[in-house]
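Chemist: Provided herewith is a single structure, encoded as structure tokens, for subsequent inquiry.
Numbering (my numbering), first residue to last: 268 to 482.
The following block contains the structure:
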């Protein structure tokens with residue numbers, strides 16, 4: 268079996284829970300200094316892979332991994348029917364929001380008008396604005412979204428927000444919260460059917476590891 272872990276911020280927040288599961292061996296996937304992407308676990312039948320946080324759901328949906336951890340923002344954006352999300356890990360909490368320059372006038376856009384949004388969440392952004400009768404043209408970026416309004420590439424951005432410090436540093440203000448985000452344990456539905464005991468055991472390990480961190 269394969270467990271897919273996300274690189275970066277979520278992995279750091281997840282470290283105490285991972286350690287509590289007893290699955291980590293040496294070399295460890297939480298050591299981001301190593302260039303290795305696949306690691307053994309303490310269980311002989313389980314390997315751990317470390318991939319981009321935005322790719323975990325795709326690895327699990329297409330069978331590259333049986334189980335994984337990713338943000339609920341990714342699950343909403345891709346909405347893979349092959350994925351089951353049985354456990355909210357309550358870590359990596361943030362929100363996906365609309366942000367703009369204070370004088371951009373986005374709030375005054377009339378229904379059925381068209382605006383340009385810079386984001387790496389095209390599905391989420393289009394759905395949010397469509398619910399308000401606004402046709403959103405998407406500028407698909409993978410980073411540095413905060414630059415887009417000042418460079419006249421977009422009227423606003425849709426992105427993850429934690430403290431809001433980066434928005435303020437770039438002259439933006441948060442105007443709408445689309446959804447609150449946390450990390451979820453996800454499972455490939457076929458793996459759940461074909462290896463139910465092994466998958467259930469892994470879910471239980473994470474559930475117990477999560478409980479141990481709340482004591």
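Think of the CB as a built atom: it goes at the ideal place given N, C-alpha and C, for glycine as much as any other residue. Only a predicted model underlies this, so the values are computations on that prediction, with no experimental measurement involved.
#1: Could I get the ranges of all uninterrupted alpha helix (DSSP H) runs contained in the region 275 to 335, with 4 residues as the minimum, in chain order?
#2: Figure out for me which residue from 431, 336, 300, 330 has the closest Cα to the Cα of residue 284.
#3: Mind checking residue 451: buried by the 16 CB within 10 Å criterion, or exposed?
#4: Compare the beta carbon distance of residue 365 and residue 421 with 7 Å and say whether it is the shorter of the two.
#5: Measure the C-alpha to C-alpha separation of residue 409 and residue 321 and round it to an integer number of angstroms.
#6: Between the alpha carbons of residue 273 and residue 389, how many angstroms are there, rounded?
#7: Find the nearest neighbour of residue 326 within the set 469, 453, 466, judged by alpha-carbon distance.
#8: Restricting to Cα atoms, I'd like to know which of 429, 369, 356 is closest to residue 475.
#9: Would you tell me roughly how many angstroms separate the C-alpha atoms of residue 360 and residue 276, rounded to the nearest one?
Modeler: This is what the structure holds:
#1: 276 to 288, 323 to 328
#2: 336
#3: buried
#4: no
#5: 10 Å
#6: 21 Å
#7: 453
#8: 356
#9: 11 Å
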